[in-house]
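Top line first, the protein sequences correspond to chains A and B. Each residue of the first sequence is one higher than the one before, starting from 2 at the first, in the working numbering. Each residue of the second sequence is one higher than the one before, starting from 2 at the first, in the working numbering. Idealized CB from N, CA, C, for every residue including glycine. Input: a single structure, listed below in structure tokens.
2 protein chains.
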Amino acid sequence: MKTFPPLDKAILCFSKLPGIGRRSAERMAMKLVGDQAGLLKDLIAALQGVAEQIGCCSRCGALTSRDQDPCRFCTDTTRDGAVLCVVEEPSDVLQIENAGGYRGRYHVLMGKLSPMQGMGTDQLRLDALALRLKSEPIQEVILALNADVESEATANMIRDLLAGHAVKLTRPAMGIPAGSGIAYSDAVTLARAIASRQPF
Amino acid sequence: MKTFPPLDKAILCFSKLPGIGRRSAERMAMKLVGDQAGLLKDLIAALQGVAEQIGCCSRCGALTSRDQDPCRFCTDTTRDGAVLCVVEEPSDVLQIENAGGYRGRYHVLMGKLSPMQGMGTDQLRLDALALRLKSEPIQEVILALNADVESEATANMIRDLLAGHAVKLTRPAMGIPAGSGIAYSDAVTLARAIASRQPF
Numbered sequence: 002m003k004t005f006p007p008l009d010k011a012i013l014c015f016s017k018l019p020g021i022g023r024r025s026a027e028r029m030a031m032k033l034v035g036d037q038a039g040l041l042k043d044l045i046a047a048l049q050g051v052a053e054q055i056g057c058c059s060r061c062g063a064l065t066s067r068d069q070d071p072c073r074f075c076t077d078t079t080r081d082g083a084v085l086c087v088v089e090e091p092s093d094v095l096q097i098e099n100a101g102g103y104r105g106r107y108h109v110l111m112g113k114l115s116p117m118q119g120m121g122t123d124q125l126r127l128d129a130l131a132l133r134l135k136s137e138p139i140q141e142v143i144l145a146l147n148a149d150v151e152s153e154a155t156a157n158m159i160r161d162l163l164a165g166h167a168v169k170l171t172r173p174a175m176g177i178p179a180g181s182g183i184a185y186s187d188a189v190t191l192a193r194a195i196a197s198r199q200p201f
Numbered sequence: 002m003k004t005f006p007p008l009d010k011a012i013l014c015f016s017k018l019p020g021i022g023r024r025s026a027e028r029m030a031m032k033l034v035g036d037q038a039g040l041l042k043d044l045i046a047a048l049q050g051v052a053e054q055i056g057c058c059s060r061c062g063a064l065t066s067r068d069q070d071p072c073r074f075c076t077d078t079t080r081d082g083a084v085l086c087v088v089e090e091p092s093d094v095l096q097i098e099n100a101g102g103y104r105g106r107y108h109v110l111m112g113k114l115s116p117m118q119g120m121g122t123d124q125l126r127l128d129a130l131a132l133r134l135k136s137e138p139i140q141e142v143i144l145a146l147n148a149d150v151e152s153e154a155t156a157n158m159i160r161d162l163l164a165g166h167a168v169k170l171t172r173p174a175m176g177i178p179a180g181s182g183i184a185y186s187d188a189v190t191l192a193r194a195i196a197s198r199q200p201f
């Protein structure tokens, strides 16, 4: 649908967001442009706030207020500095924090190996990781990467990279998701879940 | 998921958009905040452009550039001034234009009767409609409203209102699924529905 240049641009931007197709993007833009309740202004203000106030921690890469660097995870002395959780994206840190239970520190790679998208080892925060392994008392590195082929390649690459370091390398258990069951699991998930079965 | 105040606000705004749940809103915000390619800046610029450059036509209520009022539909002399298509929202005009085939003019009500949301006859652009019926050579009014109960009530109210006027009152063929609306129809359905409009 052709509309007006700024509206077309907004639709294009929306359609680049995860899970948003062309039609959803159009409906979102139309709701915003026709809204009487000021939702458009609220959204602009919120996004400007995001752009101005939120950045990434210079040490671990997690999201942080621009006036707090290093971030609250890096500076929280009650957290366990011996455990480092490596993730792909800053938002993964929030997901893990939201899940609760983890009290170590983080390191965000800012992506994964993906030659097609121009993501090589130079684009990932690997030098920073090596530096932290030297300067911090890290004993365990948890590779909390995703489960696709590129993330798998990234995990393997990091394993090779850390071969010389005296750190324990772990990754989150793979298995049947909570609330799901055997009947709903795919073959790979099920095979891994059974292979890494736990004492009951 | 609790994040940072501006990010929380952005998530809240996104979740108010049609078809966007809490989880989708979070993923959209996370994509924007973590994006390296400037999508956040592009989206802010586009939305600012929408807020600054797009308004509603003072005559028909359709979306228009702020520097073009009355809008291109009102000023286009090749369009048929004898046919007036009444719609609920400014975005409905774009939908109908996109479907193609209609060459008359428009009148946007800016809503529908909905006492629960405080939308009464005073909130709709009915006086403006009555004024246009007096001053313009309108012979047919197409009520291109949605197919839900509130729109039905709005259509009935407009029929009563136009009882004294010598205009033919029509509505698009019922090709639009009950309970759905103009914004959700595909172009073919919409074009067919308008081409085979029925006496009301």
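Should the region 28-45 of chain B be regarded as contacting the region 13-21 of chain A, the criterion being three or more beta carbon pairs within less than 8 Å? yes
Host alpha helix (DSSP H) of residue 130/B (start-end): If you number the second sequence from 1, residue 130/B lands on position 129. Counting along the chain, the alpha helix (DSSP H) containing residue 130/B begins and ends at 127-136.
Starting from residue 92/B, follow the alpha helix (DSSP H) in both directions and report where the run begins and ends. Position 91 of the second sequence, counting from 1, holds the residue named residue 92/B. That run of the alpha helix (DSSP H) goes 91-100.
Report yes or no: is there a C-beta of chain B within less than 8 Å of the C-beta of residue 152/A? Start at 1 with the first residue of the first sequence, and residue 152/A comes out as number 151. It does not: the Cβ of residue 152/A has no partner Cβ on chain B nearer than 8 Å.
Run the CB neighbour count on residue 25/B, radius 10 Å, all protein chains shown included, and call it buried at 16 or more, exposed below. Position 24 of the second sequence, counted from the first residue, corresponds to residue 25/B. The residue in question, residue 25/B, is buried, as its Cβ has 16 or more Cβ neighbours within 10 Å.
How would you list, in chain order, the residues of chain A whose beta-carbon sits under 7 Å from the beta-carbon of residue 35/B? Position 34 of the second sequence, counting from 1, holds the residue named residue 35/B. Here the neighbours are 90, 91, 92.
Please name the residue in 44/A, 38/A, 109/A whose C-alpha comes closest to that of residue 72/A. What you label residue 72/A is simply residue 71 of the first sequence in a count that begins at 1. Per the Cα distances, 109/A.
For the region 142-160 of chain B against the region 85-99 of chain B, are there 3 or more C-beta pairs whose distance is under 8 Å? yes
Closer than 8 Å, CB to CB, is residue 31/A near chain B or not? The sequence position of residue 31/A within the first sequence is 30, counting from 1. So, interface residue.
Might you give, ordered along the chain, the residues of its own chain that have their beta carbon closer than 7 Å to the beta carbon of residue 60/B, omitting 5 neighbours on each side? For this step, residue 60/B is matched to residue 59 along the second sequence. If we look at residue 60/B and ignore the five residues flanking it on each side, its Cβ neighbours are 71, 75.
Within a Cβ cutoff of 6 Å, which residues of the same chain sit near residue 12/A, ignoring the five residues on either side of it in sequence? The residue labelled residue 12/A in the question sits at position 11 within the first sequence. Answer for residue 12/A: 26, 27, 30, listed in chain order.
Selected residue, minimal CA-CA separation from residue 58/A, among 150/A, 126/A, 168/A: As a first step, residue 58/A is located in the first sequence; it is residue number 57 there, counting from the start. The residue with the shortest Cα to Cα distance from residue 58/A is 126/A.
Best match in 161/B, 191/B, 186/B, 167/B for proximity to residue 102/B [C-alpha to C-alpha]: Within the second sequence, residue 102/B is the residue found at index 101, counting from 1. Comparing Cα positions, the closest option is 191/B.
What residue from 174/B, 121/B, 189/B, 167/B has the CA that sits closest to residue 151/B's CA? For the purposes of this step, residue 151/B is taken as residue 150 along the second sequence, with counting starting at 1. The shortest Cα separation from residue 151/B among 174/B, 121/B, 189/B, 167/B belongs to 121/B.
Taking the beta strand (DSSP E) that residue 58/B falls in, what are its first and last residues? Locating residue 58/B in the second sequence gives position 57, counting from the first residue. Residue 58/B -> no beta strand (DSSP E), and no H or E assigned at all.
Per DSSP, which residues does residue 1/B bridge with? Please list them. The structure shown does not extend to residue 1/B, since chain B is modelled only from 2 through 201, so no value can be given for it.
Compare the Cα-Cα distances from residue 161/B to each of 93/B, 38/B, 48/B, 131/B and report the closest residue. One-based indexing of the second sequence puts residue 161/B at position 160. The candidate whose alpha carbon is nearest that of residue 161/B is 131/B.
Along the beta strand (DSSP E) that carries residue 25/B, what are the first and last residues, could you check? Looking up residue 25/B in the second sequence gives position 24. Where residue 25/B is concerned, there is no enclosing beta strand (DSSP E), although the alpha helix (DSSP H) it sits in stretches over 23-35.
Nearest-angstrom Cα distance between residue 97/A and residue 10/A? Counting from 1 along the first sequence, the entry for residue 97/A is found at position 96. Counting from 1 along the first sequence, the entry for residue 10/A is found at position 9. In a straight line, the C-alpha of residue 97/A is about 34 Å away from that of residue 10/A.
Which class does residue 65/B belong to by DSSP, given the choice of helix, strand or coil? Position 64 of the second sequence, counted from the first residue, corresponds to residue 65/B. Residue 65/B: strand per DSSP, three-state reduction.
Residue of 149/A, 112/A, 199/A minimising C-alpha distance to residue 62/A: By one-based count along the first sequence, residue 62/A stands at place 61. With distances taken between Cα atoms, residue 62/A lies closest to 112/A.
What would DSSP say about residue 172/A, mapped onto helix, strand or coil? The count along the first sequence starts at 1 and reaches residue 172/A at position 171. Correct three-state label for residue 172/A: coil.
Status (buried if at least 16 other CB within 10 Å, exposed otherwise) for residue 106/A: The residue given as residue 106/A occupies position 105 in the first sequence. The residue is buried, with at least 16 neighbouring Cβ atoms inside 10 Å.
Through-space distance from residue 6/B to residue 14/B, alpha-carbon basis: Taking the first residue of the second sequence as position 1, residue 14/B is located at position 13. Taking the first residue of the second sequence as position 1, residue 6/B is located at position 5. Cα to Cα, residue 14/B sits roughly 12 Å from residue 6/B.
Return helix, strand or coil for residue 199/B, following the three-state DSSP convention. Residue mapping note: residue 199/B aligns to position 198 of the second sequence, counting from 1. The answer is strand: DSSP assigns residue 199/B an E or B state.
For residue 129/B and residue 48/A, I'd like the C-alpha separation in whole angstroms. As a first step, residue 129/B is located in the second sequence; it is residue number 128 there, counting from the start. As a first step, residue 48/A is located in the first sequence; it is residue number 47 there, counting from the start. Spanning the two alpha carbons is a distance of roughly 36 Å.
Can you give the beta carbon distance from residue 104/B to residue 67/B, rounded, assuming they're within the 8 Å contact cut? As a position in the second sequence, residue 104/B is number 103, starting the count at 1. As a position in the second sequence, residue 67/B is number 66, starting the count at 1. Actually they do not touch by this definition, with Cβ atoms about 25 Å apart.
Whole-angstrom distance between residue 175/A and residue 193/A, CA atom to CA atom: Your numbering for residue 193/A matches position 192 in the first sequence. Your numbering for residue 175/A matches position 174 in the first sequence. In a straight line, the C-alpha of residue 193/A is about 6 Å away from that of residue 175/A.
Starting from residue 144/A, trace the alpha helix (DSSP H) in both directions and tell me its first and last residue. Position 143 of the first sequence holds residue 144/A. Unbroken run through residue 144/A is the beta strand (DSSP E), 141-144; no alpha helix (DSSP H).
What's the call for residue 155/A, buried or exposed, on a 16-neighbour Cβ count within 10 Å? For the purposes of this step, residue 155/A is taken as the residue at position 154 of the first sequence. So residue 155/A ends up on the buried side.
Anything in chain B within Cβ reach of residue 10/A, meaning under 8 Å, just list it in chain order. Position 9 of the first sequence, counted from the start, is the residue given in the question as residue 10/A. Result: 43, 46, 47, 50.
Considering only residues of the same chain and omitting the five flanking positions on each side of residue 8/A, which have a CB-CB separation below 7 Å? As a position in the first sequence, residue 8/A is number 7, starting the count at 1. For residue 8/A, where only same-chain residues beyond five positions count, the Cβ hits under 7 Å are 30, 34.
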